[in-house]
Structures are given as C-alpha cells and as structure tokens.
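Student:
2 protein chains.
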Amino acid sequence: MTGFKPLDPLLHSQLRLAVMSLLIGLDSAAFTYIREKTGATAGNLSVQLDKLSEAGYIEIEKGYNGKKPVTTCKITAQGVEAFESYVNALKEYIG
Amino acid sequence: MTGFKPLDPLLHSQLRLAVMSLLIGLDSAAFTYIREKTGATAGNLSVQLDKLSEAGYIEIEKGYNGKKPVTTCKITAQGVEAFESYVNALKEYIG
DNA sequence: TTTTTAGGTTTATAATATAAACCAGTTTAT
DNA sequence: ATAAACTGGTTTATATTATAAACCTAAAAA
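As you go down the protein sequences, you meet chains B and U in turn. In this text, residue positions in the first sequence follow our numbering: the first is 2, and each later residue adds one. In this text, residue positions in the second sequence follow our numbering: the first is 2, and each later residue adds one.
Shown next, in the form of structure tokens:
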C-alpha cells in the first residue's frame, strides 16, 4: 500500500474526470447535457471528449434529433476500468 | 449532488498532492525524504515546493545538518484546510 | 432574406509539468 | 594539495495540457 502510484493523466483533469463521473452513472449522455452539468465551454468539452474517445474510454456517436445534430457519449468497459483504477490510486493520496 | 465544485488547481497535481499527503501525516519532512517517497526529480520537486510555499500551504526552512544543507518542509494550517477542501470536492467526482 | 440560435469544431494562447543543465559546497581518491 | 565525484538542491528550457476565442454549418425566427 505504500508509495504513490501514478495517476492516469487522462483522468487527472477536472473536466475529463467530471465527464467520466457523469457517464459512469448514466451510461449515455448528450453533449449538451454534459456541457450543462459540467459548466464547461463547448470548445473545451469538444476537445476533452475527443481525448477520452481516442483513449477508448468513451464512445462518441453522432446522430440527429429531428434536424438537430446530437452528439451522444457512452462510457466503455475500458473507461469504467480506467476510472476505477484511477479512484483506487487516488485513495493513496487522499485516503 | 450539488454539481462539480472546482478543484484547487494547486492541489490537483500529482506531485504536489503527494507532497501534501506526506506532510499532512508527518508535519515536517526533509527535501530528500520527500524526494525519495515521491520518486520526483529534484528539479521538479523544487519547483512544486516553491508553489506550495508561495500559496501558503507549506513552510520551507533552510538549515544545516552539520555541513550539509537541509531543506525542511512543514504543512501550514492553511495547507491542511486546503487539502481537506480539495478532498471533499473530489469526492463529488469519484463517488 | 437577413439575423439569430443551436450545436458543435478548429485553432491560438496561456498555464503547467517536467527534465536538463547548472551551481555551491563537501567528501573521497590520488 | 588537487582532481573527481557526490550532495543537495535551483534555474531555465521544453514539452504537454487546458482553455477560450474564433469559427463553421444548418435550422429557426424575424
């Protein structure tokens, strides 16, 4: 239990962590919903979602709600696992 | 479920958080000790300790052990408070 | 038809983290 | 006594990250 395990830099970011935290409870959420809940700017959120997506932590699906574009995000199994590992590692620091 | 409170950026850093985590348990520690426990490079540690010091989260005292220079760090009351607030805020994110 | 709004993306800039290079002094080896 | 190597750091340069500003496309409203 001794020693500080490295913290996944992808998750050790306020906004990305908030996104993952939301998604782990929801399983699926729209861009606009995440934006509201996190209070992030659209630009920032767009960038951070891409990073999570490229890491395989979330899946991003682009569709439409009527004529309006809707970007939907879903956490992956890999994402859940990474989140849990991160939380465990973090506990050494704050426990 | 009050939403995501901002995370003190000074503490939301792997190395600085590890330092604070160590100091909160020890009350006082030498630079070299912190370096060993955290595995940080001296340069990085030096920079991060300065930041914590400038924020008033720790106090840095320079003395000697015989002829050898010894830099000693101590967490402040403000530092303890900041750490606790950070941990509380973080709990919203990680459950 | 022009303006505004929704739903984003791209790009430029600011902030951060990190390591490399360095410095003052001490100990060890020659 | 002098050179080489080690301690205990600091300073500076660079890579990475976070963030906001500027922008784009299409739809709805005026």
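Virtual Cβ for every residue (Gly too), placed ideally from N, Cα, C.
Determine the closest residue to residue 14(B) out of 66(B), 49(B) and 85(B), with distance taken between C-alpha atoms.
Tutor: Out of 66(B), 49(B) and 85(B), 49(B) has the C-alpha closest to the C-alpha of residue 14(B).
Student: At which residues does the alpha helix (DSSP H) containing residue 33(U) begin and terminate?
Tutor: Run containing residue 33(U): 32-39, per the alpha helix (DSSP H) assignment.
Student: Using the DSSP secondary-structure output, state which residues sit across from residue 63(B) in a beta bridge.
Tutor: Beta-bridge pairing links residue 63(B) to 72(B).
Student: So, under 8 Å CB-CB, residue 18(U) and residue 35(U) are touching, yes? Tell me the CB distance rounded to an integer number of Å.
Tutor: Incorrect: roughly 12 Å between the Cβ atoms, too far for contact.
Student: Give the interface partners of residue 18(B) over in chain U, defined as CB-CB distance under 7 Å, in chain order.
Tutor: In chain order: 94.
Student: Rounding to the nearest angstrom, what Cα-Cα distance links residue 94(B) and residue 67(B) in this structure?
Tutor: Each residue's alpha carbon lies about 47 Å from the other.
Student: Less than 8 Å between CB atoms is the rule here; does residue 48(U) satisfy it with respect to chain B?
Tutor: So, not an interface residue.
Student: Got a sec: is the Cβ-Cβ distance from residue 24(U) to anything in chain B below 8 Å?
Tutor: With 8 Å as the cut-off, residue 24(U) does not count as an interface residue toward chain B.
Student: Just how far apart, CA to CA, sit residue 69(U) and residue 55(B)?
Tutor: Computed Cα separation, rounded: 49 Å.
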